[in-house]
Amino acid sequence: MLIVFFRAVILYIVVVFCMRLMGKKQLGQLQPSEFVVTILLSNIATLPIEDINIPVMMGLVPIVTIVSFDVFISYISLYSKGFRRMVCGSPKIIINEGKIDQSLMKKLRFTVDDLLESLREQQVFDIAQVQLAVVETTGQLSVYVKHSKGTLTPEDADIKVSDDDPPQLIIDDGEVLNDTLALIGFGEGWLKHILDDERTALDEVFMMTCDKSGKYNIIKKEK
Amino acid sequence: MKRLYVCIALIGAVICASTAALVLLKNAGAELLSCIDECLEGIEMKDKDISGELEALDESWGDYYVKASFITRSSSLDDVSGSVARLRSLLKVSPDEFAAELNSVRYRVELLYESQIPHWRSVF
């Protein structure tokens, strides 16, 4: 039992390290090669955990090798467009100028249901609204809605608004996040002043957000 | 670029560790095989006491087991352990069976090393 426990801990650490090594992209939408690597990793890692007859090295070596090769391949893909197309494929335009490419749909084995489902995921419920839709290499559909059917923006209405950054979290469970505080251009002195004004101690704050203009929001801890 | 260097280092480490494991297994195997040869020579000289050689063989096998268990399935090593443990009793009952078991241990140790070498047939 203890052997299995230690093996699980070792392989957990190695797999987490390997996923970090593969980069953030791995955690979001998967490219075909990354999808294969993820499936392989999950399978290989479980074998030496379950079967104590198999040396743990027999799990570590293929994991490290597969992840390293995936990183090599992603670097080669970075510099070679042809190689990138071979490994990841290329995005396909499935709706162009509002017209569905039916032959491409057949080629991609994309049914009408798949198309409508993907559109709904993009908050598009009427296909007539779509000007352009692209099937990305990850299999996800990107949609560009017709201008005439799109949402009215302040720019369309000729309303002047400032493009401000969203508010940032500056206190997390009573702890000041100095990096974020500096990012929005304030210091601890300013924060202390605000907290004094609000008659709130730092350890009473559950979360506090603030933007560059100094507009803040404090949520106190529940007692 | 940092990731690329880490991966190159990891692949290098894997190749080095695999090669080192093969060399380690070969050296440990050579020591074990020489112990087996000494036992076989001793058994051919009918009246020689080979308990010392058997002791050395036991020790050598223990050492080999620890090293080999890092790179090969322990179930295949346990089979050989069973054969090594039987040797003493076989020596008392029948020297011929003792020699046969010893040769079987020898064969399996050679096979363990051979199975770790990346031949075309083993890779594919």
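Chains as they are written, first to last, in the numbering used here: chain A, 112 to 334; chain B, 23 to 146. We treat Cβ as the ideally placed atom computed from N, Cα and C, and that holds for glycine.
Unbroken beta strand (DSSP E) runs of no fewer than 3 residues, entirely contained in the segment 136-189 of chain A, are not found. In the three-state reduction of the DSSP assignment, residue 53 of chain B falls in the helix class, which pools H, G and I. If you look at residue 89 of chain B, you'll find it in the alpha helix (DSSP H) that goes 73-90.
The segment 149-160 of chain A makes no contact with the segment 199-213 of chain A; the number of CB pairs closer than 8 Å stays below 3. Interface criterion met: the Cβ of residue 168 of chain A is under 8 Å from a Cβ in chain B.
Counting only Cβ-Cβ distances below 9 Å, residue 94 of chain B has contacts in chain A at 166, 169, in chain order. Residue-level contact check: residue 229 of chain A does not touch chain B, since none of the beta carbons of chain B fall below 8 Å from its beta carbon. By the Cβ-count criterion, residue 170 of chain A is buried, with 16 or more other Cβ atoms from all chains shown falling within 10 Å of its own Cβ. Taking a contact to require three or more Cβ pairs closer than 8 Å, the segment 186-201 of chain A and the segment 222-240 of chain A do not qualify as touching. Counting only Cβ-Cβ distances below 7 Å, residue 158 of chain A has no contacts in chain B at all, with the closest Cβ about 11 Å away.
In this structure, the CA atom of residue 59 of chain B is about 13 Å from the CA atom of residue 131 of chain B. From the beta-carbon of residue 97 of chain B, the residues of chain A found nearer than 9 Å are 164.
Taking the C-beta atoms as reference points, residue 47 of chain B is found nearer than 8 Å to residue 138 of chain B. For the pair of segments examined, the segment 319-329 of chain A was found to touch the segment 269-279 of chain A: the number of CB pairs separated by less than 8 Å reaches three. Short of 8 Å from the beta carbon of residue 181 of chain A, and not among the five residues preceding or following it, lie these beta carbons of its own chain, in chain order: 133, 144, 145, 148. If you look at residue 319 of chain A, you'll find it isn't in any alpha helix (DSSP H); it sits in the beta strand (DSSP E) that goes 316-321. Around residue 106 of chain B, the same chain offers 79, 80, 83, 127 as residues with beta carbons nearer than 8 Å, after the five sequence neighbours per side are excluded. Around the CB of residue 298 of chain A, fewer than 16 other CB atoms lie within 10 Å, so the residue is classed as exposed.
The closest CA to that of residue 130 of chain A, considering only A/163, A/168, A/164, A/179, is found on A/179.
Look at residue 121 of chain A here: in three-state DSSP terms it is helix.
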